[in-house]
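There are 2 protein chains.
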Amino acid sequence: MTDPIQITETIRNGMDLLTHRTFREHGRFVKAAGLSIPQFGILLQLHYQHKCGVSDISNRMDITSAAASQLVDKLVQGGLVERAEDPNDRRAKELKLTEKGRQMVETSMARRHQWVDKMLELIDPAEREKVAEAMSILTRVLAQMKEQEKPTESASHPV
Amino acid sequence: MTDPIQITETIRNGMDLLTHRTFREHGRFVKAAGLSIPQFGILLQLHYQHKCGVSDISNRMDITSAAASQLVDKLVQGGLVERAEDPNDRRAKELKLTEKGRQMVETSMARRHQWVDKMLELIDPAEREKVAEAMSILTRVLAQMKEQEKPTESASHPV
DNA sequence: ATATATATTTCAGCGCACTTAACTAATAAA
DNA sequence: TTTATTAGTTAAGTGCGCTGAAATATATAT
């Protein structure tokens with residue numbers, strides 16, 4: 039297979055399938071965990087950023103700060119997020135995952151990894167290595183794209 | 039890279055990034071299209087199955103048939119889905135995408151493909167081929183897993 | 001023919017995410 | 001110091017997705 043069009047087609051198709059699959063898995067897990075998708079989105083954001091303020095959440099999710107505040111509040115009441123005063127700016131809050139919140143994210147990722155691993159079990163080691171190589175290529179290019187998208191961002195918020 | 043653990047790790051990590059990314063893209067598109075995630079889920083299901091009944095939707099989405107009926111109704115009113123009587127079973131409905139609905143799905147996929155293509159532009163042809171090979175492996179194994187999961191399914195509903 | 005099961009719809013009601021608007025408190029600018 | 005700006009919260013109200021229950025109509029079983 040060297041036809042460029044067919045190569046693109048193959049990749050598009052594979053991506054579609056992966057996406058489709060992942061969507062359902064994720065939805066089911068979140069639902070089973072008793073959370074909503076937006077709520078879980080906040081947990082994930084906190085997992086990746088380690089800490090942030092309410093406005094960081096509203097920016098990232100394209101919702102008003104009022105909505106973000108309300109969502110966060112539910113997570114705080116659920117014991118998944120810790121909301122403290124930002125020592126540098128007393129108007130702002132410093133949001134972090136609690137241990138319980140961290141575990142929730144861990145579990146969800148473990149669940150996904152379980153699925154990925156099950157998939158890998160069905161192919162032989164040589165193919166597994168090929169897939170790993172492709173993933174490392176994609177990881178690299180995704181990081182590259184992320185850089186390109188945020189040239190104006192300060193170093194203070196490594197999303 | 040031949041260490042099995044590292045191979046798995048690399049793949050898991052790549053999958054996580056792809057998932058994360060795709061989620062946001064999809065959410066934004068759906069929102070911009072004036073639909074909800076569940077509504078769009080139905081369009082996608084109809085895209086893959088070509089036609090189905092209300093209960094197929096409720097089964098697949100893990101919601102009651104009442105909920106499915108209501109969701110479908112909104113899509114019908116929006117001109118995205120056609121709801122006709124199933125000639126084989128007059129209790130059931132035969133749901134299909136309208137031309138407008140089909141275009142909506144096409145556009146959303148094109149949007150995603152655009153993003154995938156942009157990603158591919160950043161890597162050289164040799165790497166692109168490697169990625170394609172990996173995707174075809176994954177596509178194969180995904181199909182295989184799907185088979186394993188539905189051994190009792192009749193041939194009438196190729197989801 | 002009668003009883004039962006299936007496919008869908010309608011309705012009342014609940015919880016959630018979201019928005020706008022008004023408000024508090026703290027920082028930054030004049 | 002006053003004036004604006006920024007971060008976050010609160011409250012009222014909207015719309016959506018969802019459920020449970022009741023209703024309708026068709027299909028299947030006895």
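Keeping their order, the protein sequence lines are chains D and V. When you number the first sequence by my numbering, it's gap-free, plus one each residue, and the end is 197. When you number the second sequence by my numbering, it's gap-free, plus one each residue, and the end is 197. Glycine included, every Cβ here is placed at the ideal spot set by N, Cα and C. Predicted model, so just to flag it, every value in this text is computed and none were measured.
Distance between residue j and residue i (C-alpha atoms, nearest Å)
i: I95(D); j: V143(D); result: 17 Å
i: E187(V); j: Q152(D); result: 16 Å
i: L118(V); j: R50(D); result: 25 Å
i: H195(V); j: K184(V); result: For H195(V), the pLDDT reaches just 38, beneath the cut-off of 50, and the residue's location in the model is therefore unreliable, leaving the point undetermined.
i: R98(D); j: R66(V); result: 11 Å
i: D100(V); j: E171(D); result: 36 Å
i: Q141(D); j: D155(D); result: 20 Å
i: P42(V); j: G52(V); result: 15 Å
i: T190(D); j: H64(V); result: Unreliable placement is indicated for T190(D), whose pLDDT of 48 sits below 50; the coordinate value is still reported in the next sentence. Taking the straight line joining both Cα atoms gives about 24 Å.
i: L56(V); j: A104(V); result: 34 Å
i: V179(V); j: L84(V); result: 23 Å
i: L176(D); j: K112(V); result: 38 Å
i: H88(D); j: V68(V); result: 28 Å
i: T40(V); j: V169(D); result: 12 Å
i: Q77(V); j: V110(D); result: 26 Å
i: E159(D); j: A148(D); result: 16 Å
i: G139(D); j: A70(V); result: 31 Å
i: D127(V); j: F61(V); result: 38 Å
i: T102(V); j: T102(D); result: 32 Å
Residue from the options with nearest C-alpha to residue i
i: M173(V); options: M157(D), K184(D) and R178(D); result: M157(D)
i: Q115(V); options: R178(V), S93(V), M99(V) and T136(V); result: T136(V)
i: K131(D); options: C90(D), M183(D) and R66(D); result: C90(D)
i: E181(V); options: P42(D), T102(D) and R59(D); result: What sits at residue 181(V) in the sequence shown is Ala, not Glu. Closest option to A181(V), Cα to Cα, is R59(D).
i: E47(V); options: L73(D), M183(D), P125(D) and R150(D); result: R150(D)
i: S146(V); options: I43(V), L82(V), H88(V) and L56(V); result: L82(V)
i: Y86(V); options: V154(V), K168(V), R178(V) and K134(V); result: K134(V)
i: R129(D); options: E63(D), T102(D), S93(D) and D111(D); result: S93(D)
In DSSP terms, what residue i is bridged to
i: A26(V); result: Within the shown structure, residues of chain V are numbered from 39 to 197, placing residue 26(V) beyond reach of any answer.
i: V119(D); result: L135(D)
i: K89(D); result: K134(D)
Buried or exposed (CB count within 10 angstroms, at least 16 for buried), residue i
i: D54(D); result: buried
i: Q108(D); result: exposed
i: A106(D); result: buried
i: I45(V); result: buried
i: G72(D); result: exposed
i: Q75(V); result: Looking at the sequence shown, residue 75(V) is not Gln but Ile. Label assigned to I75(V): exposed.
i: I80(D); result: buried
i: D124(D); result: exposed
i: A193(D); result: For A193(D), the pLDDT reaches just 39, beneath the cut-off of 50, and the residue's location in the model is therefore unreliable, although a value from the coordinates is still provided. Classification of A193(D): exposed, given that the 10 Å Cβ count is below 16.
Residue i beta carbon near the ligand FAD (any heavy atom closer than 7 Å)
i: Q87(V); result: Although the ligand FAD was asked about, the structure shown includes no ligands whatsoever.
**Prompt:** Are the region 157–167 of chain D and the region 118–128 of chain D touching, with three or more C-beta to C-beta distances below 8 Å?
**Reply:** no
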